[in-house]
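Protein chains in written order, with my numbering: chain A, 46 to 206; chain B, 452 to 821. Presented below is the structure to which this report refers.
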């Protein structure tokens, strides 16, 4: 990968990666840090990464960096609080989106990650398994469970409304 | 012979179907000569042949399978089928059957619509703003050999021209800086005066003093010089000096060899001496700590920066850094930019960080010194 291709990957994929990480951990600053770390790692390995594989490399690296951060913060005992308290998105969600956003936040990490990769980036089960290190069956199961959870969550809220 | 009256039928069949090899055919014919009754039997087989009849199976319809899949949908699998429908995991037939089922069951359609709402859509307003911080700008490695050679040649020419220009410019300017004695700066002008008189009073600043505080060989170095001008270090040297061989100069002044490195000889505290219109090159007497980016070019051509050695050295002692410094200054002169090297040195006086400053923009890189 040349320097020009590297910078092109910044323009093409940095938003997607940031969005994916941000929706996962709900912390804008930490999401930015992860994006920075991800691109730094790719720069260090630019000579061995082909530009055609840049997107999958970035998502794989970002995902694992995020998981490491989550586990590290869990040990410190403050990650759950951070997740809920530092959510500071300013955009006004519609009711449905807001409910859905809350529901996604309640998913287990693995399910949340795979469903975000599926819906945000359109990755196949196989591609998601390569990014996350899960096997395809696990990916499919997690997506099914996530959808069921989200549907039931929406159903309950609608019933209340 | 392998053929016998116990196994001849097999050979007959193979012979009639053309599956016998030539050797076996010969063997069979020999056998038939020995057994004429069996030859008649073989001839009887050759006369028998069956023709295929055109017989058609009329009940084919019973054999066909229905084209529409009979997908079983019930409460236990409805949720999975909804998700499978969303994820595209159903075959086309199954998907059509499922859609048909939903069309026939409105309450199930509502549930499926709820599943459809679980498909997340990315919020396009979530963007990484500071993309510039992620990007890398590096010097492109020129792979083309031709471009590399051309660039190398061009760089060499530019460096050579810069050095020559700088040297030429030094010769043209004899470093005349007339300090204003009235400004109150600590500087003096000695002009058209009796050299010996003035020099005696000033030489204590230049030369080693003896025990009785009289400068040794006082005046000798000034006898043949005129219009000595002294300025303060604060006055910037706008035009660098030509290279001087201080060893020769000091020797001419009669300073003992052992005193050549004496800072009192090689550096006047905060003074610089210029010789106007002198045939000899000026002696740059500048304390080591006074060397800066404005006068460290030709004035202090000494590869051992940081060490207390002669500031001006002969041409034979010029190092690559000297050339680099000359070329940078030459480039600055040519372009009119304020370009200068501002290297940092380690404890051994070797360059550890190469730094070039130009018009407020700086480039630096650490060097590996083995």
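Positions of the beta carbon are idealized from the N, C-alpha and C atoms, including for glycine.
- Per the coordinates, the alpha-carbon of residue 534 of chain B lies some 7 Å from the alpha-carbon of residue 566 of chain B.
- Bridge partners of residue 815 of chain B according to DSSP: B:806.
- Taking 8 Å as the cut-off between beta carbons, none of the residues of the stretch 799–814 of chain B comes near chain A.
- Secondary structure at residue 46 of chain A: coil, using DSSP grouped into helix, strand and coil.
- By the criterion of a C-beta distance shorter than 6 Å, residue 816 of chain B is surrounded in its chain by 805, once the five residues flanking it on both sides are discounted.
- Separation of residue 105 of chain A and residue 780 of chain B (C-alpha to C-alpha, rounded to the nearest whole angstrom) is 50 Å.
- In this structure residue 782 of chain B is not in contact with residue 164 of chain A, their Cβ atoms being roughly 57 Å apart against a cut-off of 8 Å.
- Here residue 505 of chain B is exposed: its Cβ has fewer than 16 other Cβ atoms, across all protein chains shown, within 10 Å.
- 8 Å or more divides the Cβ of residue 178 of chain A from the Cβ of residue 71 of chain A.
- Assigned with DSSP and collapsed to three states, residue 795 of chain B falls in strand.
- Residues of chain B whose Cβ lies closer than 8 Å to the Cβ of residue 55 of chain A are, in chain order, 582, 585, 586.
- Linking residue 97 of chain A to residue 772 of chain B through their CA atoms gives a straight-line distance of about 44 Å.
- In summary, residue 569 of chain B is buried, with 16 or more beta-carbon neighbours lying within 10 Å of its beta-carbon over all protein chains present.
- Contact check for residue 83 of chain A against residue 107 of chain A passes: the beta carbons are separated by less than 8 Å.
- Here residue 790 of chain B is bridged, per DSSP, to B:809.
- At the C-beta level, residue 582 of chain B and residue 55 of chain A come within 8 Å of one another.
- Residue 158 of chain A and residue 152 of chain A have their C-alpha atoms roughly 9 Å apart.
- In the assembly as shown, residue 802 of chain B is a buried residue. Its beta-carbon has 16 or more other beta-carbons within 10 Å.
- Assigned with DSSP and collapsed to three states, residue 551 of chain B falls in helix.
- Rounded to the nearest angstrom, the gap between the Cα atoms of residue 770 of chain B and residue 69 of chain A is 58 Å.
- Per DSSP, residue 91 of chain A lies in no alpha helix (DSSP H) and is assigned neither H nor E.
- Residue 72 of chain A sits in coil when the DSSP states are folded into three classes, being neither helix nor strand.
- Look at residue 121 of chain A here: in three-state DSSP terms it is helix.
- The beta carbon of residue 175 of chain A sits closer than 8 Å to the beta carbons of 101, 105 from its chain, once the five residues preceding and following it are set aside; these are given in chain order.
- Here the alpha carbons of residue 489 of chain B and residue 457 of chain B stand approximately 12 Å from one another.
- Using a Cβ-Cβ cut-off of 8 Å, residue 569 of chain B counts as an interface residue toward chain A, since at least one Cβ of chain A sits closer than that to its own.
- The beta carbon of residue 86 of chain A sits no closer than 8 Å to any beta carbon of chain B.
- In the displayed model, residue 570 of chain B falls within coil according to three-state DSSP, outside both helix and strand.
- Counting along the chain, the unbroken alpha helix (DSSP H) around residue 141 of chain A starts and ends at 140–150.
- The CB of residue 578 of chain B comes closer than 9 Å to the CB of 59, 60, 63, 64 in chain A, given here in chain order.
- Taking C-beta separations shorter than 8 Å and ignoring five residues to either side along the sequence, the partners of residue 492 of chain B in its chain run 463, following chain order.
- Taken in chain order, the members of the stretch 555–566 of chain B whose beta-carbon sits within less than 9 Å of a beta-carbon on chain A are 562, 565, 566.
- A Cβ-Cβ contact shorter than 8 Å links residue 579 of chain B with residue 77 of chain A.
- Under the three-pair Cβ rule at 8 Å, the stretch 80–95 of chain A does not count as touching the stretch 600–616 of chain B.
- Residue B:574 holds the alpha-carbon nearest to the alpha-carbon of residue 142 of chain A among B:477, B:800, B:574, B:778.
- The three-state secondary structure of residue 197 of chain A, taken from DSSP, is helix.
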